[in-house]
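Below you'll find the structure, written out as structure tokens, and then a few comments.
In the working numbering, the protein residues as written are 822 to 1049.
This is the structure we're talking about:
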């Protein structure tokens, strides 16, 4: 576990304007739903009690708050020896390898981990420049094998790796990266314009050559904690 970790108050106290179960305007609800479409990668899209570990992301917070039973936000993992609640789902954004290795302690047996990472083509990382200055670890692009190894070593069984197109916030396609069939289904439709064809060809090339997790702007991993 990381030492000197600090738990932030639960998101309900951060004046985000919504609470679990609170009614939302239809447009806001649709936007929130789209941000957490990844929940359909889990066997049960009902998220239950959720822990979020990572930098501030207001849209993701609101979406998680709207579609979970409860939400707790952590700036870092709790310190050694600290008594902590177990969660049904842990959501981790751009973690360091030590963070990823320790997050399993927050998840109940049989619960799930959802990880968002950013590859070399994440152009929107410029928006987070100020946040990145205080967390240089986020600038590193880890090999997929290292992420999967960190999960496997800490009672977390990898379920799948996914490419979110075009990004997490505006996702229209979640493409499984374990084989090319998902890519072919998602990207082999009509391609309007040179840029569209170039992007599609780049995605296919990176998948075929095993580089997608390093190049892809927005890559996610899903894993499950072993049932003890």
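For each residue, glycine too, the CB sits at the ideal point set by N, CA and C.
Residue i, enclosing alpha helix (DSSP H) - first and last residue
i, result
"residue 1060", "The question about residue 1060 has no answer, for the chain in this structure spans 822 to 1049."
Alpha-carbon to alpha-carbon, residue j and residue i
i, j, result
"residue 981", "residue 1043", "5 Å"
"residue 921", "residue 898", "10 Å"
"residue 946", "residue 939", "Residue confidence for residue 946 is low, a pLDDT of 48 falling below 50, so the modelled location carries little weight; the figure read from the coordinates is stated next. Each residue's alpha carbon lies about 8 Å from the other."
"residue 877", "residue 985", "20 Å"
"residue 909", "residue 983", "21 Å"
"residue 997", "residue 862", "10 Å"
"residue 973", "residue 872", "20 Å"
"residue 916", "residue 990", "18 Å"
"residue 914", "residue 892", "15 Å"
"residue 967", "residue 874", "19 Å"
"residue 976", "residue 969", "11 Å"
"residue 904", "residue 1049", "19 Å"
"residue 995", "residue 859", "8 Å"
"residue 929", "residue 1046", "7 Å"
Bounding residues of the beta strand (DSSP E) (the contiguous stretch that carries residue i)
i, result
"residue 882", "Residue 882 -> not in any beta strand (DSSP E); alpha helix (DSSP H) instead, spanning 879-887."
"residue 909", "908-914"
"residue 928", "928-939"
"residue 1047", "Segment: none, residue 1047 is in no beta strand (DSSP E) and carries neither H nor E."
"residue 977", "977-986"
Spatial neighbours of residue i in its chain, beta-carbon cut-off 8 Å, leaving aside the 5 residues before and after
i, result
"residue 850", "887"
"residue 993", "986, 987"
Neighbourhood of residue i by C-beta distance below 6 Å, restricted to the same chain and skipping five residues each side
i, result
"residue 925", "975, 976, 977, 1046"
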